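Chemist: I have a structure I would like to understand better, so I am pasting it below and will then ask my questions one at a time.
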Amino acid sequence: MSQNKSFRGHKGGFRWADVELHAYKKEGSAPFKDITRQTLFGDENLSGELRYFEIAPGGYSSLERHEHVHAVVILHGTGRCLVGEEVRDIAPFDLVSIPPMTWHQFQAAPDKALGFLCMVDRERDRPQLPSAEDLERLCSTPAVAAFLRGIPAESN
Ligand code: MN
């Protein structure tokens, strides 16, 4: 996709002119809940993409890992994120770096949507989902087990 407009205005409510809103749909076994994605910058002349994600209250991204990295800036709302074995509360303007092949997941607070920018490589590998063994290993860290318990069991 090439952005041929130099200026695309913010329409309010984290929607932008000429930016499509994609609602995630359940695909295969990747569990996630109530997320939308908008690619703000996805020009073929850029080696990266900047996306805006919004997770509805109580929603969460899929627990996954991959070779490509994420550079995340929280814009609004609160929630928690898992990065490797670390669980952190997140709030506006916090910065989150997801290293290669590191399990990660974002959860919105029950009463507030969570909106964040995420920078990625344009060319990137497909996310991997955890096996039963991976989940068992993750849950051997108590904070991670508690974090994952915040999500319905059948989703993990
Ligand atoms: Mn990811």
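Letter by letter, the sequence shown follows residues 217 to 372 of my numbering. Every residue, glycine too, gets a C-beta built ideally from N, C-alpha and C. Every value quoted in this text rests on a predicted model; they were computed, and no experiment measured them.
#1: Thr389 and Leu237: beta carbons closer than 8 Å?
#2: Quick check: what's the CA-CA separation for Asn261 versus Asn220?
#3: Just to confirm before moving on: does the CB-CB distance between Phe332 and Val289 stay below 8 Å?
#4: Starting from the Cα of Pro343, find the closest Cα among Val360, Glu283 and Glu265 and give me that residue.
#5: Work out the CA separation of Leu354 and Arg231 for me, nearest whole Å.
#6: Per DSSP, Lys249 forms a beta bridge with which residues?
Modeler: If we stick to the structure as given:
#1: In the structure as shown, the chain begins at 217 and stops at 372. Residue 389 is therefore absent and cannot be evaluated.
#2: When rounded, the distance between both Cα atoms is 11 Å.
#3: A contact, by the Cβ cut-off of 8 Å.
#4: Checked all of Val360, Glu283 and Glu265; the closest Cα to Pro343 is Glu283.
#5: If you take the alpha carbons of Arg231 and Leu354, they lie about 36 Å apart.
#6: Lys249 pairs with Tyr276.
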